[in-house]
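To keep things clear, I will list the structure first and then write my remarks on it.
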Amino acid sequence: SSGINAEYGQSNLRMAIVRQYTPPRSSVPLQILLHYNYYYFALFFLVQILAMAWKGTVLPYAGPTLAAEVSLLLLYALCEAIRLYLGNKGNLTEQPFPTVVFLLLTLPMTMAYVFTMLLQTYVLHLDAIMSYIGIGFCGLEFILGIVVLLQFSRSDIST
7 SSGINAEYGQ
17 SNLRMAIVRQ
27 YTPPRSSVPL
37 QILLHYNYYY
47 FALFFLVQIL
57 AMAWKGTVLP
67 YAGPTLAAEV
77 SLLLLYALCE
87 AIRLYLGNKG
97 NLTEQPFPTV
107 VFLLLTLPMT
117 MAYVFTMLLQ
127 TYVLHLDAIM
137 SYIGIGFCGL
147 EFILGIVVLL
157 QFSRSDIST
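Counting in this note's numbering, the sequence shown runs from 7 upward without gaps.
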């Protein structure tokens, strides 16, 4: 009699586990892009600092222009670190709010890459190439972020 009850209890437990299982809604492609973008932005930041140091010694800058461009680069780094952290957190925890903030911060980062590519006092070919790559990361992450956000919204409605 006790063997039948124990087997019946395990069967109910197994059915409860199967019913509560929901497949993950996070995006592996987005997570891969975020992972590689951490390394890419570190490289971008390092190259920009070195390029600005070179530009500052070789090229003439008017007044505090170089200091302003370095300050903007530091602001970009802070914005990108927050953006990538929130994208990572939103994707892995399947929470919409960090994902929305991640998507909103993508616009200023894209504008930062455009500034680096077109509007700096002196733009090297390396600046332009690295900015194109950064814009590509931002664009792909934005598209995948919207897809992930829609998946989060759909499953919140259905549960």
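Each residue gets a CB set at the ideal place from its N, CA and C atoms; glycine is no exception.
- Here L72 has G62 as same chain residues with Cβ atoms under 6 Å from its own Cβ, once five neighbours each way along the sequence are excluded.
- Each residue's CA atom was taken as its position, placing M136 and Q54 some 9 Å apart.
- A straight-line Cα-Cα distance of about 20 Å links L110 and I38.
- In the three-state reduction of the DSSP assignment, T127 falls in the coil class.
- Sixteen is the threshold: when 16 or more other Cβ atoms of the shown chains lie within 10 Å of the Cβ of Y82, as they do, the residue is buried.
- If you draw a 10 Å sphere on the C-beta of R160, you find fewer than 16 other C-beta atoms in it, and that means exposed.
- Per DSSP, the continuous alpha helix (DSSP H) segment holding R89 begins and ends at 71 to 99.
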